[in-house]
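S.K.:
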Amino acid sequence: MPDVIPENSVGLITPKVQHFDTPLTLRSGRVLEQYDLIYETYGELNADRSNAVLICHALSGDHHAAGYHSMDDKKPGWWDTCIGPGKPIDTNKFFVVSLNNLGGCSGSTGPVSINPETGKAYGPDFPIMAVRDWVNSQARLADVLGIDVWAAVVGGSLGGMQVLRWSIQFPERLKHAVVIASAPKLSAQNIAFNEVARQAIAKDPDFHDGWYQEKGTLPKAGLMQARMLGHLTYLSDDAMRQKFGRELREGKLNFSFAPEFQVESYLHYQGEKFSTRFDANTYMLMTKALDYFDPARDHDNDLRKCLSQAKCRFLVVSFTTDWRFAPARSEEIVNALIHADKDVSYACIESDNGHDAFLLPIPRYLDIFHAYMEGVAARSFGGKS
Amino acid sequence: MSELRPDLSIIQQWIRPESEILDLGCGEGELLSYLKNEKNVHGYGLEINPEKLTACIRNGVNVIEQNLDNGLGNFEDQSIDTVVMTQALQAVQRPDELLDEMLRIGKEAIVTFPNFGYWKTRFYLLLKGRMPMSDTLPYNWYDTPNIHMCTFRDFEILCREKGIRILNKTVVDDQHREHWSIRLWPAMLGEIAVYHITRR
Chain A
605 MPDVIPENSV GLITPKVQHF DTPLTLRSGR VLEQYDLIYE TYGELNADRS
655 NAVLICHALS GDHHAAGYHS MDDKKPGWWD TCIGPGKPID TNKFFVVSLN
705 NLGGCSGSTG PVSINPETGK AYGPDFPIMA VRDWVNSQAR LADVLGIDVW
755 AAVVGGSLGG MQVLRWSIQF PERLKHAVVI ASAPKLSAQN IAFNEVARQA
805 IAKDPDFHDG WYQEKGTLPK AGLMQARMLG HLTYLSDDAM RQKFGRELRE
855 GKLNFSFAPE FQVESYLHYQ GEKFSTRFDA NTYMLMTKAL DYFDPARDHD
905 NDLRKCLSQA KCRFLVVSFT TDWRFAPARS EEIVNALIHA DKDVSYACIE
955 SDNGHDAFLL PIPRYLDIFH AYMEGVAARS FGGKS
Chain B
50 MSELRPDLSI IQQWIRPESE ILDLGCGEGE LLSYLKNEKN VHGYGLEINP
100 EKLTACIRNG VNVIEQNLDN GLGNFEDQSI DTVVMTQALQ AVQRPDELLD
150 EMLRIGKEAI VTFPNFGYWK TRFYLLLKGR MPMSDTLPYN WYDTPNIHMC
200 TFRDFEILCR EKGIRILNKT VVDDQHREHW SIRLWPAMLG EIAVYHITRR
């Protein structure tokens with residue numbers, strides 16, 4: 605954390621927790637009798653409640669999208685580049701809601717929470733969530749906050765899948781959908797990456813079939829491997845070449861199997877950091893939600909038919925070197941929307957940063973996002989909060 | 050909306066209210082924005098210039114980042130009422146194939162392009178012996194995006210060969226104004242052509 609909070613930051617933020625005791629029936633058929641959702645809000649809700657924007661997080665994200673929790677924080681929230689005063693999602697205009705999804709490990713009910721029926725942590729027994737379950741729970745949070753219609757629902761990657769699901773599940777409850785670096789469903793290659801990550805976790809002797817909390821262990825090695833694999837698929841070949849090249853940590857070959865190249869120690873660092881902050885069961889569950897997502901499946905595998913239910917306007921954005929959620933996948937969404945005669949704009953942003961680009965301050969990306977959100981403000985509430 | 054570019058105000062007369070249009074190389078979305086407001090037309094623009102694309106988004110116009118040279122295979126047959134392309138025909142890799150594509154997707158199409166048979170262009174080449182340059186064609190031969198220049202006659206011969214019917218045509222000066230003198234000898238005196246075509 606810098607000594608002073610930057611002017612274009614939402615500042616110090618305190619998360620809130622909302623308890624729900626209306627049972628939530630899940631896609632799997634299981635029921636969550638009660639649950640908590642932790643969330644943050646930035647900006648002010650206007651009098652006619654027309655300026656609310658929902659942020660949907662990706663695989664490893666959480667409710668802390670912008671600002672700082674304390675003056676000791678080293679970094680702001682995960683999407684601070686895009687949320688704040690004067691930023692694309694301008695908190696001078698919008699009331700922004702960001703929550704941690706069910707099954708997460710940052711404060712919403714998930715595998716690390718206590719199952720009231722057993723008195724112990726859910727662990728691997730926590731139901732596998734589908735994207736539509738998250739959207740249902742997000743709609744209930746909207747009800748509590750008094751938001752009938754979102755000015756926009758916004759998300760990248762797995763977050764973008766939630767946005768797509770919103771557009772067909774509650775077509776009357778959002779005016780704009782912003783789908784960034786996402787896909788209408790995962791490819792076999794993508795599912796394969798997720799399975800390798802899950803296997804890395806499952807085969808860790810400290811995983812104990814997911815009951816590590818009870819055993820007092822943590823499958824750190826497995827989670828670290830999963831993250832290392834994930835992380836390198838989020839970068840592009842070019843980005844890695846530029847960032848690390850073949851640079852050696854000690855400037856010479858040591859003929860050992862310890863990390864010698866900079867890229868190795870970077871991956872180790874990322875994996876290590878992640879393995880101490882993230883829950884392994886949550887990682888398993890989130891990757892499953894990604895794999896299962898395929899909204900066209902209920903509509904004869906016809907994405908146009910599926911998206912023809914939507915009533916909102918769309919912005920779709922992809923990045924040139926993103927091979928995990930490649931531009932062609934975004935274009936599938938765009939073409940289905942065009943064939944369904946929906947309002948859609950699409951930009952493919954030049955970037956070397958692979959899938960990670962959607963979190964980075966790339967000028968053209970921020971310009972387009974900003975321009976679109978100004979239109980959202982103008983159409984939803986005349987532009988002024 | 051009285052400040053519409055002169056060529057666009059000619060084009061808009063040929064577009065029916067409530068119709069579906071596709072604007073290839075839509076710039077900042079002036080035409081789409083005008084047609085949406087004035088004729089309740091629904092449409093999409095294709096554009097690859099980053100600044101112009103952002104301007105479209107700012108103007109609330111549906112814009113898709115798509116290069117015309119990579120084809121239009123993502124648009125379905127006869128799914129659009131009118132496909133419009135202003136001042137881009139001469140800059141694409143294969144104008145003939147793009148014309149086919151425009152009339153595969155669109156029931157009708159409107160095309161504008163600079164006339165290489167304009168008298169000043171003819172005299173420029175004749176007298177100077179160099180590739181013509183003008184306000185309409187401001188580039189050198191080696192850096193011009195206009196790689197497939199044609200005359201009105203060339204275009205009409207291509208249309209005939211392809212079985213394309215010309216519904217309307219107008220010829221204008223470089224300010225896109227219609228003028229009585231141009232009508233006397235359009236192939237020589239017209240600087241920019243505006244064609245309304247169909248295959249039906």
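First to last, the protein sequences are chains A and B. Residue 605 is where the first sequence starts when you use my numbering, and the numbers rise one by one after that. Residue 50 is where the second sequence starts when you use my numbering, and the numbers rise one by one after that. By construction, the Cβ of each residue, glycine as well, lies at the ideal position given by its N, Cα and C atoms. If you're wondering where the values come from, they're calculated on a predicted model, not measured in any experiment.
1. Taking any Cβ of chain A, which residues in the stretch 184 to 207 of chain B have a Cβ under 8 Å from it, in chain order?
2. Just grab the DSSP bridge partners of SER761 of chain A for me.
3. Taking 8 Å as the cut-off, does the stretch 915 to 927 of chain A touch the stretch 961 to 973 of chain A (at least 3 CB pairs, one atom from each stretch)?
4. Short of 8 Å in beta carbon distance, which residues of its chain neighbour ASP842 of chain A, apart from the five on each side in sequence? Order them along the chain.
5. Go through its chain and collect everything with a Cβ distance to PRO823 of chain A's Cβ below 7 Å, but skip five positions before and after it.
6. Is it the case that the Cβ atoms of VAL132 of chain B and GLY155 of chain B are separated by a distance below 8 Å?
7. Entirely within the stretch 730 to 754 of chain A and at least 4 residues each: give me those alpha helix (DSSP H) ranges in chain order.
8. Note down the Cα distance separating MET828 of chain A from LEU745 of chain A, rounded to an integer number of angstroms.
9. For the alpha helix (DSSP H) that LEU827 of chain A lies in, which residues bound it at each end?
10. Give a yes or no on whether 8 Å exceeds the smallest Cβ distance from SER934 of chain A to chain B.
11. Tell whether a beta-carbon distance below 8 Å holds between THR247 of chain B and ARG214 of chain B.
12. If you count every other CB in all the chains shown that lies within 10 Å of the CB of MET50 of chain B, and 16 or more means buried, which is it?
13. By a C-beta neighbour count over all protein chains shown, 10 Å radius and 16 as the cutoff for buried, is LEU941 of chain A buried or exposed?
14. On the CB-based measure, 16 or more other CB atoms within 10 Å of its CB, does ASN704 of chain A come out buried or exposed?
15. Do you know how far the Cα of ALA787 of chain A is from the Cα of SER628 of chain A?
16. For SER741 of chain A, tell me which candidate among A:GLY708, A:SER761 and A:ALA725 has the shortest Cα-Cα distance.
17. Using 8 Å as the limit for Cβ to Cβ distance, is ARG968 of chain A near chain B?
18. What are the uninterrupted segments assigned as beta strand (DSSP E) that are 3 or more residues long and contained completely in the stretch 624 to 680 of chain A, given in chain order?
19. Distance, Cα to Cα, ASN696 of chain A vs GLY688 of chain A?
20. Would you call LYS946 of chain A buried or exposed, if buried means 16 or more other Cβ atoms sit within 10 Å of its Cβ?
21. My guess is that LEU186 of chain B and LEU147 of chain B are in contact by the Cβ rule of under 8 Å, so how many angstroms apart are they, rounded?
22. Closer than 8 Å between beta carbons: that is the criterion. Which residues of the stretch 927 to 952 of chain A meet it against chain B?
23. For MET182 of chain B and ILE196 of chain B, I'd like the C-alpha separation in whole angstroms.
24. At a CB-CB cut-off below 8 Å, which residues of chain A make contact with VAL90 of chain B?
25. When you compare only the Cα positions, how much space is there between ALA755 of chain A and LEU963 of chain A?
26. If you draw a straight line from the alpha carbon of LEU630 of chain A to that of GLN773 of chain A, how long is it in whole angstroms?
27. Given this structure, state the Cα-to-Cα distance separating HIS668 of chain A from CYS660 of chain A, to the nearest angstrom.
28. Taking TYR639 of chain A and LEU749 of chain A to be in contact with their CB atoms under 8 Å, please state how far apart those CB atoms are, rounded to whole angstroms.
29. Less than 8 Å between CB atoms is the rule here; does ARG107 of chain B satisfy it with respect to chain A?
30. In this structure, how does DSSP classify HIS959 of chain A when only helix, strand and coil are distinguished?
31. Does DSSP put GLY714 of chain A in a helix, in a strand, or in coil?
32. May I ask you to report which of helix, strand or coil DSSP gives ALA862 of chain A?
33. Would you give the residue range spanned by the beta strand (DSSP E) that LYS789 of chain A belongs to?
34. Can you give me the Cβ contacts of HIS250 of chain B inside the same chain, cut-off strictly under 6 Å, excluding the 5 residues immediately before and after it?
35. Counting only runs of 3+ residues fully inside the stretch 129 to 177 of chain B, write out the beta strand (DSSP E) ranges in chain order.
36. Over the uninterrupted beta strand (DSSP E) stretch that includes GLU69 of chain B, give me the two end residues.
M.R.: Put simply:
1. The stretch 184 to 207 of chain B vs chain A, Cβ under 8 Å: nothing.
2. DSSP, once it has assigned bridges, lists no residue as partnering SER761 of chain A.
3. The count of Cβ pairs closer than 8 Å, one atom from the stretch 961 to 973 of chain A and one from the stretch 915 to 927 of chain A, reaches three, so the stretches are in contact.
4. Once the five neighbours on either side are set aside, the close Cβ partners of ASP842 of chain A are THR925 and ASP956.
5. Taken in chain order, the residues that qualify are ILE805, ASP808, ASP810, PHE811, TYR816 and ALA884.
6. Remark: C-beta atoms of VAL132 of chain B and GLY155 of chain B approach each other more closely than 8 Å.
7. Within the stretch 730 to 754 of chain A, the runs of alpha helix (DSSP H) that reach at least 4 residues and sit entirely inside it are, in chain order, 735 to 749.
8. Computed Cα separation, rounded: 33 Å.
9. Per DSSP, LEU827 of chain A belongs to the alpha helix (DSSP H) from 824 to 838.
10. With 8 Å as the cut-off, SER934 of chain A does not count as an interface residue toward chain B.
11. Yes, the Cβ-Cβ distance between THR247 of chain B and ARG214 of chain B is below 8 Å.
12. Residue confidence is low: MET50 of chain B scores 43 on pLDDT, short of 50, so the model does not pin down where it sits. Its coordinate-derived value is still stated next. Under the 10 Å beta carbon count, MET50 of chain B is surrounded by fewer than 16 other beta carbons and is classified as exposed.
13. Around the beta carbon of LEU941 of chain A, 16 or more other beta carbons sit within 10 angstroms, so the residue counts as buried.
14. That one is buried.
15. In the sequence on display, residue 628 of chain A carries Leu and not Ser. Taking the straight line from one Cα to the other gives about 26 Å.
16. The shortest Cα separation from SER741 of chain A among A:GLY708, A:SER761 and A:ALA725 belongs to A:GLY708.
17. When Cβ-Cβ separations below 8 Å define contact, ARG968 of chain A makes contact with chain B.
18. Here the runs fully enclosed are 639 to 646 and 656 to 660.
19. Straight-line Cα distance between these residues: approximately 8 Å.
20. Counting Cβ neighbours within 10 Å, LYS946 of chain A comes out buried, since at least 16 surround it.
21. A Cβ-Cβ separation of about 20 Å leaves LEU186 of chain B out of contact with LEU147 of chain B under the 8 Å criterion.
22. The stretch 927 to 952 of chain A vs chain B, Cβ under 8 Å: GLU935, VAL938, ASN939, ILE942, HIS943, ASP945, ASP947, VAL948, SER949, TYR950, ALA951 and CYS952.
23. Their backbone Cα atoms lie some 14 Å apart in a straight line.
24. Residues of chain A with a Cβ closer than 8 Å to the Cβ of VAL90 of chain B do not exist; the shortest Cβ-Cβ separation is about 12 Å.
25. For ALA755 of chain A and LEU963 of chain A, the distance between alpha carbons rounds to 22 Å.
26. Each residue's alpha carbon lies about 14 Å from the other.
27. When rounded, the distance between both Cα atoms is 11 Å.
28. Contact between TYR639 of chain A and LEU749 of chain A fails: their C-beta atoms lie close to 16 Å from each other, not under 8 Å.
29. Judged by the 8 Å Cβ criterion, ARG107 of chain B is in contact with chain A.
30. If DSSP states are grouped into helix, strand and coil, HIS959 of chain A belongs with the helices.
31. In the three-state scheme derived from DSSP, where H, G and I count as helix and E and B as strand, GLY714 of chain A is classed as coil.
32. Taken through DSSP and simplified to helix, strand or coil, ALA862 of chain A comes out as coil.
33. It is not in any beta strand (DSSP E) - LYS789 of chain A carries neither H nor E in the DSSP assignment.
34. There is no way to answer for residue 250 of chain B, as the model of chain B reaches only from 50 to 249.
35. Listed in chain order, the complete beta strand (DSSP E) runs (minimum 3 residues) inside the stretch 129 to 177 of chain B are 129 to 135 and 155 to 163.
36. In this chain, the beta strand (DSSP E) harbouring GLU69 of chain B covers 69 to 73.
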